[in-house]
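Protein chains in written order, with the working numbering: chain A, 34 to 577; chain B, 14 to 357.
Here is the structure:
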């Protein structure tokens, strides 16, 4: 692994355009900027074509003999199946509005990271083989031959896109790079080009149930451990039913929430909240993954992984599904899930058993977001909280790209935050960096590996930079989010650019503040950090 | 010759060549070809091309409902959504229509435009700051050009109608309200050319725009600028016999073409460039105009969770069912106290 440069070195970004035209400029595949090639074993597990051992740095990628026909055939096929692709190939006017909207362009200054040019990498091939002008005029019509170098370039730049859709918000025609990136990745996969980090997660999830590859018993161990942690800190027993038939609600979370800090604190928060409500829920060892790395590599793989959620809801005979804090899980669930499997007549229209609220916006989908669920509880005064227990936290909120631009959840988490934090402890980042204009963590869409740290830190720079601003101006020390990939990747990003920043899920803050009748005296939060007013006690204890 | 020069100079030469062709044609007394045949052909290609392309788009289905949600989604009833929210994240087909109206008549998305710059800190580079500010010039330039062009086109209706509809006359009167020259100067004609020159200049002088621009970007700009300039020259400087022009236009419109004598060559240049624009339109990026209506990130409501969207080519996929997991881990699951379907 290449050594990661210091922030002072990495931020020397060169925004000057190269003197050579982009078609003549062969992509230089720089270590630290790409994820390793997928190991054959993962590809075999999910029946992906052309499994083989190869390296991105190799000159020869060992493509199948007919790779070119396969890619072009794949493109034609997708042009016929996706109006989006055909349209987005045809109508771009290259106005450049998207250029400086991409976090990867802002981070690298690489012209091929301007969404418009990233799209041209694909479009130029489309024009060459599917358009008369391109066939006749070649380069002058913006067309170029499909060569192995072009394939390498696609690989390099399509995996420097996190499908975040920020560009599509600003595009006057709504051209969505994310759509082209996914379809482009499908083309690459069709000739055996995949990244290891994403495919390992996909294969594990496909085979065992979650991206982390936990067996059912390991899953149970993990959730039980977190329940015990809750008991140790709060004195409250928070059982987590698993595979319980006939429960009212199936609860689905991304595996990141029970696998590692700081997501695990969010998970502890879920359990405390459900205990507080005496909610009749169950988790599942089979639908143990809400996240969906499959969708990062193809629509079909997304569907193959997503199948488990409704399947399990049916088998366990629950009434409806509650989904945890996760970004791309919710984008997939919102944009694709009902269309893949609908109509969903084996579930009931979701009604909160606590408040009686009918979730009118989930009548077809039958799945409710934890933020909607919790916001509704607060609105009905069902939760007794002591915001002072979060007094050690000064928070800013990171809108995750997927829930923002692929769904539109903005108000619920903010409403909850204002219920559980003391007044004056919540600060927004600058307006052009939040809500629908939010910046991606820079590591989503399956590229949160270890070997591509340079690009992750650069892609995350715009986010980190806005966090740094509120950190310095208001003393913000926590970055809140409703996304497990954020909780997995932002700590690394913050460690690099804004070292004093902690990452927290929103339900963790809820649980910190939640007052149970029979709890033990709380002197720490769920992370064993002393609450405001108990710092000395903690120090004494530490001294002993 | 580098990429930029090729992609800029070729369209420039092409437009100059087109002008020359029209001049030579008139000199060779081909008025009927340039005044009747080519216009009819151009209009035919325009409509056929447009329909062909629209059908080609329409034939590809929209498998998923993927609007870019640019505001709070409809959720709990007490979560307030203003008019702006409903338009930026439409909850129903009608609100999506509203979103499209705003997109088409006000360029809503372009209005959001920002610019980002890295303010470098020389002492401590890691403290360099990215600053994002609102940037409306592109929006303004684009809006100015499109509206000016639209009004210019509408004004031209007076050539094709007899009597001229009242609203066309009224439009022309408003357009020419600043009377400082004779004949009356239509502001939109000037505005259109100025806006086009801005759009051209930004393409040439903004480094990253220049880097991405293709011949297909310069050609329509240069073409429409030439159309505008020949129109302005004809109206204010090298005047042509307007009565004869109208006779020709009405002849075309009523499918009884006549070619009156004595129309200046500049008119035929103007007309020929317009014909080229018509014929070029369906094969170019200018198709963004009809294309935006088809855009699935803009024309669909964000109502997936309460309104089922059907994918016509949805197909079953291979996945492991629950029993696959239980069969593999049954003993361990029983030992861990996890309920199972089959005890053995």
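All C-beta atoms in this analysis are idealised placements derived from N, C-alpha and C, irrespective of residue type, glycine included.
Note that the structure is predicted; figures quoted are calculated from it, not measured.
Test: residue i CB closer than 9 Å to a CB of chain A
| i | result |
| --- | --- |
| residue 167 of chain B | no |
| residue 342 of chain B | yes |
| residue 157 of chain B | no |
| residue 137 of chain B | yes |
| residue 1 of chain B | This structure gives no information on residue 1 of chain B, because the portion of chain B shown stretches from 14 to 357. |
| residue 62 of chain B | no |
Buried or exposed by the 16-neighbour rule on C-beta atoms within 10 Å, applied to residue i
| i | result |
| --- | --- |
| residue 47 of chain B | buried |
| residue 18 of chain B | exposed |
| residue 185 of chain A | buried |
| residue 193 of chain B | exposed |
| residue 456 of chain A | exposed |
Residue i, enclosing alpha helix (DSSP H) - first and last residue
| i | result |
| --- | --- |
| residue 248 of chain A | Neither: residue 248 of chain A is in no alpha helix (DSSP H) and is coded neither H nor E. |
| residue 279 of chain B | 278 to 293 |
| residue 413 of chain A | Counting along the chain, residue 413 of chain A falls outside any alpha helix (DSSP H), and DSSP gives it neither H nor E. |
| residue 236 of chain B | 228 to 249 |
| residue 199 of chain A | 199 to 203 |
| residue 100 of chain B | 96 to 101 |
| residue 402 of chain A | Segment 400 to 402 is the beta strand (DSSP E) holding residue 402 of chain A; no alpha helix (DSSP H) there. |
Reduced DSSP secondary structure (H/G/I, E/B, other) of residue i
| i | result |
| --- | --- |
| residue 513 of chain A | strand |
| residue 20 of chain B | helix |
| residue 84 of chain B | coil |
| residue 70 of chain A | strand |
| residue 478 of chain A | coil |
| residue 137 of chain B | coil |
| residue 107 of chain A | helix |
| residue 337 of chain A | helix |
| residue 319 of chain B | coil |
| residue 169 of chain B | coil |
| residue 56 of chain A | coil |
| residue 380 of chain A | coil |
| residue 326 of chain B | coil |
| residue 101 of chain A | helix |
N- and C-terminal bounds of the beta strand (DSSP E) containing residue i
| i | result |
| --- | --- |
| residue 472 of chain A | Premise fails: residue 472 of chain A is in no beta strand (DSSP E) and is neither H nor E. |
| residue 281 of chain A | No beta strand (DSSP E) holds residue 281 of chain A; DSSP gives it neither H nor E. |
| residue 535 of chain A | 535 to 538 |
| residue 223 of chain B | Per DSSP, residue 223 of chain B belongs to no beta strand (DSSP E); it is in the alpha helix (DSSP H), 220 to 225. |
| residue 146 of chain B | 142 to 147 |
| residue 31 of chain A | The shown model of chain A, from 34 to 577, leaves out residue 31 of chain A, and the question about it has no answer. |
| residue 353 of chain A | 353 to 356 |
Residue i at chain B interface by Cβ criterion, 9 Å
| i | result |
| --- | --- |
| residue 192 of chain A | no |
| residue 493 of chain A | no |
| residue 437 of chain A | yes |
| residue 132 of chain A | yes |
| residue 104 of chain A | no |
| residue 113 of chain A | yes |
| residue 392 of chain A | yes |
| residue 475 of chain A | no |
| residue 645 of chain A | What is shown of chain A runs 34 to 577, which leaves residue 645 of chain A out entirely. |
| residue 227 of chain A | no |
Where residue i meets chain A, residues with beta-carbon distance less than 7 Å
| i | result |
| --- | --- |
| residue 331 of chain B | 337 |
| residue 125 of chain B | 202 and 203 |
| residue 15 of chain B | 54 |
Contacts of residue i in chain A (Cβ-Cβ under 8 Å)
| i | result |
| --- | --- |
| residue 120 of chain B | 205 |
| residue 345 of chain B | 248, 249 and 250 |
| residue 92 of chain B | 408, 444, 445 and 448 |
| residue 327 of chain B | 372 and 373 |
| residue 304 of chain B | 120, 123, 124 and 206 |
| residue 349 of chain B | 249, 250, 253 and 254 |
Per-residue contacts from residue i into chain A (C-beta, under 9 Å)
| i | result |
| --- | --- |
| residue 142 of chain B | 498, 501 and 502 |
| residue 224 of chain B | 50, 51, 54, 55, 144, 147 and 150 |
| residue 108 of chain B | Chain A residues near residue 108 of chain B: none, gap ~12 Å exceeds 9 Å. |
| residue 103 of chain B | Near residue 103 of chain B there are no residues of chain A at all, since even the closest Cβ is about 10 Å away, more than 9 Å. |
Under 7 Å from the C-beta of residue i: neighbouring residues of chain B
| i | result |
| --- | --- |
| residue 466 of chain A | 145 |
| residue 360 of chain A | Those do not exist, as residue 360 of chain A stays about 13 Å from chain B at its closest Cβ, beyond 7 Å. |
| residue 513 of chain A | Correct list: empty, because the minimum Cβ distance to chain B is about 17 Å. |
| residue 197 of chain A | In chain order: nothing, as chain B lies at least about 11 Å away. |
- Task: Closer than 9 Å, Cβ to Cβ, to anything on chain D: give me those residues from the region 70 to 86 of chain B, in chain order.
- Result: The structure shown contains no chain D; its protein chains are A and B.
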